[in-house]
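Residue numbers (the working numbering): 1298 to 2042.
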């Protein structure tokens, strides 16, 4: 069992179980699985999925019947004559025409789709507007969106959602949005964010999101590079930031603020309530005529990569990129674990990122699922409250989100004593062994049903994840220990690898087929290969499929680096692939450290190994490019300011406890650094020595560590919006410190 697999038992239920509200589709946990049978030998032959499928089906039967009855009442949205004619024209196009290019840099250009004769390569290409129209036709009364405002859940059915999207589109046109102009959205996830996203496309424009953490310079660059005509902002603070960035620009025709009142009235600045009425006199036929020549292989969305150096790049995604990728991803998920009822999602990840857009916008729509919005302070501690309200069936999180949840559970576990601690430890051992066995094709061990009843189920209910059968982690690497921890509480995570340039997912870990250290197998319809592998089989991961992006806006050089002349996407990630197609990422090409001796070192595996040996550390960054040997910067685990999300200098209870076991009483990072006994520093060096013993070469050995005063963070600039480490930024910030470390030879 993993070292950090500590206990969460009955007190988690006492601390977490009570739900804060109710939403449409909410179900009560069912006991129809028979998990309390005395015959645990029989139960031990079943996996978690097998045990609960019957209960989930029973829980959802009422919902499904209700939805089906509603759908029989009316199919609310009929195509306009313009739309019907265009549907027919699209069906006759050859979007795989060899005369079309695989890569472009112009916003109004079209690309060749990487189609084939087999499924899913041969799925019919669709534009966003025709795809959404067909879903609304079939499921007009299904709940599309829900947001908690004024102490209640406000909801939109799919036909209401569609109506507001088209109203937004007409209003964008009224404000002067031209074809392929951009609508920039700057704010936290909300129904208005979604309606602006789709509304811009229905008006013939393109949508883009701007990270709320972006600098004024980045905002200004994105607005200019994208030819943004209209901005949609969340509140007064975001309005002021956009106004400042747009100073002197003649392109911005209007700004819409979707929450709160506008403090200073200015021309062409509107509240959402006023904005949505502006295009009321425009006919449906007139709106549809604006997109009559827009085809599935043209751009509808811009995703600006945050980047670690230079200006952000605008990745162009086509209608087909988004529709096909969402469809194919569900094909994979449902083939592994069939649906048992309506899907529910919680939207909280930054929508400027493709991962959030795919799993919180396009994938829910594909299966007419319901999206409920978390509060803007979700990542400051309120996410679990929303999860308990909604009880989602699907959840995606970046590693840090899952790690934070685990840390809170472990903190509760440390309060256990006596029998509760023994029961919890035993159950965690059963959970880890069982899930490792299932993923190797085996069965769960004796006692599984008891462990599930006493511990696992209470944890799931306490977190609001008791109905969540699809749990994913992506956007950054996650440690094996974290994966094992979630296996031990029977909340196994499926790892996803993807990038903006692959419209989200590139690989997915299969249900019941998780391999620790691997990010899974390529999604259906995507050919993958390792380019120029070395003697260990490691080379650049490349892909060829309909999820490959169109190119970078106005940037031919970078586009040609990313997509070769044969249409293959070069990810820039180093990886190897086993005989079963499982991909193992070993690092980024740009992150590789080349020592002065010419040795290539991938930093991430070594950094993760150091954190495993030294669990009091939150962050580790290897240094050594063009140096004689490797060193590292290390940061201790500290409390985070709940208002700013900036790290404080106060050590976490876990870090305090580890130092206490070393015989040192410290409470802050300063006290760690000033420890005159050097006990902590010696412990860190001992940890490095243990890691070095496992090194494959002398060049991979880390000679020393330097403790920094502040952990890496988004507010500090060392981490990007998805919590990826910005190595060039850290190297610049700590240049003097690093030089001093190497001078102390």
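Cβ atoms here follow ideal geometry from the backbone N, Cα and C, with glycine treated the same way.
- Excluding sequence positions up to five before and after residue 1824, its CB lies within less than 7 Å of the CB of 1840, 1841, 1842, all in the same chain and listed in chain order.
- For residue 1961, no beta strand (DSSP E) encloses it, and the DSSP letter there is neither H nor E.
- If you compare the alpha carbons of 1644, 1654, 1652, 1649 with that of residue 1679, the shortest gap goes to 1644.
- According to DSSP, residue 1599 shares a beta bridge with 1505, 1613.
- If you look at residue 1481, you'll find it in the beta strand (DSSP E) that goes 1479-1483.
- Of the residues 1943, 1892, 1932, the one whose Cα lies closest to the Cα of residue 1920 is 1892.
- Around the beta-carbon of residue 1535, 16 or more other beta-carbon atoms lie within 10 Å, marking it buried.
- Non-local beta-carbon contacts of residue 1872 in its own chain, meaning distances under 8 Å to residues more than five positions away in sequence, involve 1827, 1835, 1836, 1837, 1838, 1880, 1881, 1882, 1883 in chain order.
- Sequence-distant partners of residue 1516 (beyond 5 residues in either direction) whose C-beta falls short of 7 Å from its own C-beta, in its chain, are 1507, 1538, 1539, 1542.
- Residues of the same chain with a CB within less than 7 Å of the CB of residue 1728, apart from the 5 flanking positions on each side, are 1748, 1753, 1784, 1785, 1786, 1787 in chain order.
- Taking C-beta separations shorter than 6 Å and ignoring five residues to either side along the sequence, the partners of residue 1476 in its chain run 1501, following chain order.
- Annotation: the continuous beta strand (DSSP E) that includes residue 1554 extends over 1551-1554.
- Restricted to the segment 1617-1658, the alpha helix (DSSP H) segments that are unbroken, complete and at least 4 residues in length are 1651-1654, listed in chain order.
- Counting along the chain, residue 1928 sits inside no alpha helix (DSSP H); it lies in the beta strand (DSSP E) bounded by residues 1927-1933.
- Nearest C-alpha to residue 1682 among 1782, 1602, 1671: 1671.
- In this structure, residue 1597 lies away from residue 1847, with their beta-carbon atoms at least 8 Å apart.
- Approximately 14 Å separates the beta-carbon atoms of residue 1952 and residue 2005; this is outside 8 Å, ruling out the contact.
- The beta carbons of residue 1468 and residue 1572 sit closer together than 8 Å.
- Close CB contacts of residue 1653 within its chain, under the 7 Å cut and outside five residues either way in sequence, are with 1646, 1647 (chain order).
- Look at residue 1442 here: in three-state DSSP terms it is strand.
- In terms of Cβ geometry, residue 1465 and residue 1492 form a close pair [threshold 8 Å].
- Per the coordinates, the alpha-carbon of residue 1632 lies some 53 Å from the alpha-carbon of residue 1967.
- Between residue 1864 and residue 1411, the beta carbon gap of about 6 Å places them in contact (Cβ cut-off 8 Å).
- Residue 1579 has its alpha-carbon roughly 30 Å from the corresponding atom of residue 1533.
- DSSP places residue 1837 in the uninterrupted beta strand (DSSP E) bounded by 1836-1841.
- The C-beta of residue 1997 has 16 or more other C-beta atoms within 10 Å across all chains shown, which makes the residue buried.
- Per DSSP, reduced to three states, the secondary structure at residue 1491 is helical.
- Annotation: residue 1757 to residue 1463 spans about 39 Å, alpha carbon to alpha carbon.
- For the pair residue 1707 and residue 1521, the Cα-to-Cα distance works out to about 47 Å.
- Secondary structure remark: continuous alpha helix (DSSP H) runs of at least 4 residues inside the segment 1739-1764, in chain order: 1745-1748, 1754-1760.
- Looking at the DSSP output, residue 1500 sits in no beta bridge, so it has no partner there.
- Judged by DSSP in its simplified three-state form, residue 1991 adopts coil rather than helix or strand.
- DSSP places residue 1803 in the uninterrupted beta strand (DSSP E) bounded by 1801-1805.
- Between residue 1808 and residue 1793, the alpha-carbon positions lie close to 12 Å from each other.
- In the structure shown, the three-state DSSP call for residue 1436 is coil.
- Take the alpha-carbon of residue 1916 and the one of residue 1592: they are about 46 Å apart.
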